[in-house]
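S.K.: In full-length UniProt numbering, the protein residues as written are 1 to 486.
All C-beta atoms, glycine included, are put in the ideal place defined by N, C-alpha and C.
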């Protein structure tokens, strides 16, 4: 049985469920469920990488631009301008994938949006507004070089950073609400008494957003640092490459070091919000007091195999205590168990890579403090060349853990995922088309970014858009013609 202190900690504010959904274990799976799941995995897994740059890149660009202005550093200003153009390419592609996701919510999950559309409307509305504002200020910043006072031009990055954060918070708030639903009641099977602001600021929103916000800086920071690490491996060890690596590494390091503490604070709340997910994270089939930290391992025919148990650490990490229990899966009906192995292994992959990146960051800055520059060591540059990929893998693993760990619920303890899906087998065709489109966009992004990098290395200082304003002093020259010539 569940220990009494755990029972007392379970949420008591969930809305009444009677009449809204059928919770029997034999809920039939509609024909559209599997393609809907695959479609969301593809779309979200692809878009979230671009979203990381939308969140973190403006602050990194602002820092580089500020360094250029304060120090009179021409290299820093060049990097800020180039990074802004890269950001514009990623933003344009992200606009496509984000629009696809907006349509997918209603197309793939009609049961969810039909029931809770009014509940989720406010966060999605704010996210759309933030997206458009971010696009406006990105355009102003891109075309403001040499046309605006220096300080005013720099400040155009601030709204970009704010709107990127606001938009991301709104989306994360929706996901957090799916984990900890609040802000409504169910009366006679109808959703009533909706409190939009309670949805937007649900109990899990802040911690889940903070966790994702730091992950975004890890992805963007390590990815940018990886680009310059590769350049230095190829012999480009000029001041511009070193500056680009250092600034990106600073953001990546700060987020990587703080992330484990935020993750711990978020994970500690799972015992209250989603105890079954916590049990899957910890591979806890039985309630143990104290609980060990279980490294590795898989569940085979109900038995845990290939795991290394470290006594007491499970209780310390999950419950902030050396003797509090971690509730095991045995305490929950079998039909509400999440897929244990993929949840557990994804969680451990996220934690393992995150810990590795944090340790590398500490070693790098400690070495600098001692007067040693690890960028002079090829082994370090080789590792950093993989840092961006590792950060992306950790982030994707974290999302797999939190989303798969919530199953079989799409809204925790309120609506099961099969109840949210439609009965449309033609969604497989949509999945195929989306795969083709995303593959084409990926190839296009790589081609465009590599072309930009190649032209910059060749000495071209400006890569104008065909519709950009004429640079100062070029009156009478067609921008379309000049862009083609360059």
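(1) Excluding the 5 residues flanking residue 209 on each side, which residues of the same chain have their C-beta closer than 6 Å to its C-beta?
(2) Using DSSP's beta-bridge definition, name the partner residues of residue 388.
(3) Measuring straight from C-alpha to C-alpha, what distance separates residue 494 and residue 225?
(4) Let me know if residue 306 comes out buried or exposed under the rule of 16 or more other beta-carbons within 10 Å of its beta-carbon.
(5) Applying the criterion that 16 or more other CB atoms from any shown protein chain within 10 Å of the CB defines a buried residue, is residue 436 buried or exposed?
(6) List the whole-angstrom C-beta distance separating residue 405 from residue 355, where the pair is believed to meet the contact cut-off of C-beta under 8 Å.
(7) For residue 312, does the three-state DSSP call read helix, strand or coil?
(8) Between the Cα of residue 99 and the Cα atoms of 56, 77, 151 and 46, which residue gives the shortest distance?
(9) Using only the alpha-carbon positions, how far apart do residue 453 and residue 375 sit?
(10) Going by Cα to Cα distance, which pick from 324, 311, 231 and 244 is closest to residue 268?
(11) Looking at residue 250 and residue 221, is the spacing between their C-beta atoms short of 9 Å?
(12) Who are the near neighbours of residue 196 in its chain, counting only those whose CB is closer than 6 Å to its CB and skipping five residues on each side?
(13) Measuring CA to CA, which of 414, 192 and 158 is closest to residue 274?
(14) Could you say which of 110, 152, 163 and 115 lies nearest to residue 136 if we only look at CA atoms?
(15) Can you find the residues in the same chain that come closer than 6 Å, C-beta to C-beta, to residue 35, ignoring five residues on each side of it along the sequence?
(16) Go through its chain and collect everything with a Cβ distance to residue 289's Cβ below 6 Å, but skip five positions before and after it.
(17) Look up residue 297 in the DSSP assignment and say whether it is helix, strand or coil.
(18) Here's the rule: buried if 16 or more other CB atoms are within 10 angstroms of the residue's CB, otherwise exposed. What is residue 72?
(19) For residue 390, is the classification buried or exposed, using 16 other Cβ atoms within 10 angstroms of its Cβ as the cut-off for buried?
(20) Measuring CA to CA, which of 188, 202 and 184 is closest to residue 194?
(21) Can you tell me whether residue 28 is buried or exposed? The criterion is at least 16 other CB atoms within 10 Å of its CB, across all chains shown.
(22) Check the DSSP bridge columns for residue 416 and list the partner residues they point to.
(23) Contact check, residue 50 vs residue 97 under 8 Å by CB: the rounded distance?
(24) Excluding five sequence neighbours on each side, which residues of the same chain lie with their C-beta closer than 8 Å to the C-beta of residue 313?
(25) Identify whether residue 191 lies in helix, strand or coil by the three-state DSSP scheme.
(26) Which of helix, strand or coil does DSSP assign to residue 185?
(27) Please state the DSSP three-state secondary structure of residue 372.
(28) So which of 369, 310, 298 and 86 has the shortest CA-CA distance to residue 339?
(29) Taking buried to mean at least 16 other C-beta atoms within 10 Å of its own C-beta, is residue 451 buried or exposed?
(30) Would you tell me roughly how many angstroms separate the C-alpha atoms of residue 115 and residue 94, rounded to the nearest one?
(31) Between residue 23 and residue 216, what straight-line distance do the alpha-carbon atoms span, to the nearest angstrom?
M.R.: Let me spell this out:
(1) Start at 1 with the first residue of the chain shown, and residue 209 comes out as number 209. For residue 209, where only same-chain residues beyond five positions count, the Cβ hits under 6 Å are 169 and 172.
(2) The residue you call residue 388 lines up with position 388 of the chain shown. Answer is none; residue 388 lacks a bridge partner.
(3) For the chain, the structure presents residues 1 to 486; residue 494 sits outside this window and is missing.
(4) Residue numbering aside, residue 306 sits at position 306 when the chain shown is read from its first letter. Residue 306 comes out exposed.
(5) The residue given as residue 436 occupies position 436 in the chain shown. Exposed is the call here.
(6) Sequence index remark: in the chain shown, residue 405 carries index 405 (1-based). Sequence index remark: in the chain shown, residue 355 carries index 355 (1-based). Residue 405 to residue 355, Cβ: 20 Å. No contact.
(7) As a working note, residue 312 is residue 312 in the chain shown. Of the three classes helix, strand and coil, the one that applies to residue 312 here is coil, per DSSP.
(8) Taking the first residue of the chain shown as 1, we reach residue 99 at position 99. Closest option to residue 99, Cα to Cα, is 46.
(9) Position 453 of the chain shown, counting from 1, holds the residue named residue 453. Position 375 of the chain shown, counting from 1, holds the residue named residue 375. For residue 453 and residue 375, the distance between alpha carbons rounds to 21 Å.
(10) Taking the chain shown and counting its residues from 1, the one referred to as residue 268 is at position 268. Out of 324, 311, 231 and 244, 324 has the C-alpha closest to the C-alpha of residue 268.
(11) For the purposes of this step, residue 221 is identified with residue 221 of the chain shown, where counting begins at 1. For the purposes of this step, residue 250 is identified with residue 250 of the chain shown, where counting begins at 1. Yes, Cβ-Cβ distance for residue 221 and residue 250 is below 9 Å.
(12) By one-based count along the chain shown, residue 196 stands at place 196. Only 122 meet the Cβ criterion.
(13) Locating residue 274 in the chain shown gives position 274, counting from the first residue. Of the candidates 414, 192 and 158, the one whose C-alpha sits nearest the C-alpha of residue 274 is 414.
(14) For the purposes of this step, residue 136 is taken as residue 136 along the chain shown, with counting starting at 1. Looking at the Cα atoms, 163 is the closest of the given residues.
(15) The residue labelled residue 35 in the question sits at position 35 within the chain shown. Cβ within range, chain order: 427, 428 and 431.
(16) Here residue 289 refers to the residue found at position 289 of the chain shown. Hits under 6 Å: 325.
(17) In the chain shown, the residue the question calls residue 297 occupies position 297. Reduced to three states, the DSSP call for residue 297 is strand.
(18) Taking the chain shown and counting its residues from 1, the one referred to as residue 72 is at position 72. That one is exposed.
(19) Locating residue 390 in the chain shown gives position 390, where the first residue counts as 1. By the neighbour-count rule (16 or more Cβ atoms within 10 Å), residue 390 is buried.
(20) One-based indexing of the chain shown puts residue 194 at position 194. Each of 188, 202 and 184 was checked against the Cα of residue 194, and the nearest Cα belongs to 184.
(21) The residue you call residue 28 lines up with position 28 of the chain shown. Its Cβ having fewer than 16 others within 10 Å, residue 28 is exposed.
(22) Along the chain shown, read from residue 1 onward, the residue named residue 416 stands at position 416. Paired residues: 409.
(23) For this step, residue 50 is matched to residue 50 along the chain shown. For this step, residue 97 is matched to residue 97 along the chain shown. Yes, residue 50 and residue 97 are in contact; Cβ-Cβ is about 6 Å, under 8 Å.
(24) Sequence index remark: in the chain shown, residue 313 carries index 313 (1-based). The residues are 292 and 293.
(25) Working through the chain shown from its first residue, we reach residue 191 at position 191. Strand at residue 191.
(26) Locating residue 185 in the chain shown gives position 185, counting from the first residue. Strand.
(27) The residue given as residue 372 occupies position 372 in the chain shown. DSSP places residue 372 in coil when its eight states are reduced to three.
(28) Here residue 339 refers to the residue found at position 339 when the chain shown is read from its first residue. The alpha carbon of residue 339 has as its nearest neighbour, out of 369, 310, 298 and 86, the alpha carbon of 298.
(29) Within the chain shown, numbered from 1, the residue matching residue 451 stands at position 451. The residue in question, residue 451, is exposed, as its Cβ has fewer than 16 Cβ neighbours within 10 Å.
(30) One-based indexing of the chain shown puts residue 115 at position 115. One-based indexing of the chain shown puts residue 94 at position 94. Between residue 115 and residue 94, the C-alpha separation is close to 28 Å.
(31) For the purposes of this step, residue 23 is identified with residue 23 of the chain shown, where counting begins at 1. For the purposes of this step, residue 216 is identified with residue 216 of the chain shown, where counting begins at 1. Confidence at residue 23 is low in this model, with a pLDDT of 42, below 50, so the placement of that residue is unreliable and no value is reported for it.
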